[in-house]
Amino acid sequence: MMAKVLLASPSFGCLSEMLSIAAMSSLQGSVFFSHSGEKKAQDSARRKFAAEEGDHLTLLNVYQTFITKGKKDASWCRQNYLNYKSMTRAVSIRNQLRRYLERFGVNVEESLASNQTSISREEKTEKMCRCLTSASSHTPQGCSLTAASALRMEGPCYMRTQARSCLSVLCCLCGDDG
Numbered sequence: 006m007m008a009k010v011l012l013a014s015p016s017f018g019c020l021s022e023m024l025s026i027a028a029m030s031s032l033q034g035s036v037f038f039s040h041s042g043e044k045k046a047q048d049s050a051r052r053k054f055a056a057e058e059g060d061h062l063t064l065l066n067v068y069q070t071f072i073t074k075g076k077k078d079a080s081w082c083r084q085n086y087l088n089y090k091s092m093t094r095a096v097s098i099r100n101q102l103r104r105y106l107e108r109f110g111v112n113v114e115e116s117l118a119s120n121q122t123s124i125s126r127e128e129k130t131e132k133m134c135r136c137l138t139s140a141s142s143h144t145p146q147g148c149s150l151t152a153a154s155a156l157r158m159e160g161p162c163y164m165r166t167q168a169r170s171c172l173s174v175l176c177c178l179c180g181d182d183g
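Right, dumping it as structure tokens:
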């Protein structure tokens with residue numbers, strides 16, 4: 006699915022963000038670490054990065070904060086209960102993915118993060134959610150998701166997403182009776 010997302014992302018203007026999300030997703034849940042007895046502090050640290058739109062955008066927040074505020078620093082990672090080795094691996098994976106896309110002839114430039122400063126946060130989020138859902142293998146032919154919390158009918162098929170979650174598909178019904 007992430008390959009489809011990366012190839013579709015230039016048309017949504019969010020390639021930079023999708024590169025980061027793909028790299029973070031490849032870590033398979035080893036982003037945060039935990040210590041016994043520090044549950045409240047760990048939960049508080051995780052909430053700093055949480056995005057109501059879902060896990061993909063939470064991972065993006067973690068990556069962007071690690072790069073900008075964390076300055077790729079191990080002590081900053083410890084303070085925020087992040088696995089430093091995993092985060093540096095995500096940076097490496099992102100660079101590898103970027104090089105692969107360049108080899109395939111995809112124009113790799115920093116998109117929403119840098120050169121679209123006039124675009125609102127909500128518009129950025131919507132573009133990213135649209136890109137993520139456009140490559141979903143759960144979208145049957147004839148259905149399309151236009152944004153988070155959207156319902157769109159094309160023929161006898163419709164798809165609905167959960168409010169505030171761009172990838173949580175609640176219902177997809179296809180049939181002759183509509």
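Heads up: the sequence shown begins at 6 in my numbering, then just goes up one per residue. From the three backbone atoms N, C-alpha and C, an ideal C-beta is built for every residue, glycine too.
Classify residue i as helix, strand or coil using the three-state DSSP reduction.
{"i": "F37", "result": "strand"}
{"i": "L87", "result": "strand"}
{"i": "K76", "result": "coil"}
{"i": "N100", "result": "helix"}
{"i": "L12", "result": "helix"}
{"i": "S21", "result": "helix"}
{"i": "N2", "result": "There is simply no residue 2 to check, as the chain begins at 6 and stops at 183 in what is shown."}
{"i": "E114", "result": "coil"}
{"i": "F109", "result": "coil"}
{"i": "A155", "result": "The pLDDT assigned to A155 is 41, lower than 50, so where the model puts this residue is not dependable, and the model offers no usable value."}
Going by Cα to Cα distance, which pick from the options is closest to residue i?
{"i": "R99", "options": "S14, A27 and K9", "result": "A27"}
{"i": "S49", "options": "Q84, S25 and T70", "result": "Q84"}
{"i": "L62", "options": "E43, C134, A140 and A8", "result": "C134"}
{"i": "R126", "options": "A56, G110 and T93", "result": "A56"}
{"i": "G59", "options": "T70, Y86, S30 and L87", "result": "S30"}
{"i": "E107", "options": "S21, T70 and E43", "result": "S21"}
{"i": "N112", "options": "S16, L137 and E128", "result": "S16"}
{"i": "Q47", "options": "T73, L65, C19 and Y86", "result": "Y86"}
{"i": "Q88", "options": "L32, A8, K9 and S14", "result": "One point to set straight first is that residue 88 is Asn, not Gln, in the sequence displayed. Closest option to N88, Cα to Cα, is L32."}
Could you tell me the boundaries of the alpha helix (DSSP H) in which residue i lies?
{"i": "E58", "result": "Taken as a continuous stretch (DSSP letters only), E58 belongs to no alpha helix (DSSP H), as it is neither H nor E."}
{"i": "M6", "result": "It is not in any alpha helix (DSSP H) - M6 carries neither H nor E in the DSSP assignment."}
{"i": "A32", "result": "With the sequence shown as reference, residue 32 is identified as Leu, and Ala is not the correct amino acid for it. From DSSP, L32 is part of no alpha helix (DSSP H); its letter is neither H nor E."}
{"i": "E43", "result": "From DSSP, E43 is part of no alpha helix (DSSP H); its letter is neither H nor E."}
{"i": "S139", "result": "R126 to S139"}
Discussion item. Measuring CB atoms only, is the segment 13–32 touching the segment 87–105, in the sense that at least three cross pairs come out at less than 8 Å?
Written reply: yes
Practice prompt. Would you check if the segment 73–91 and the segment 27–45 touch, i.e. whether three or more CB-CB distances between them fall below 8 Å?
Written response: yes
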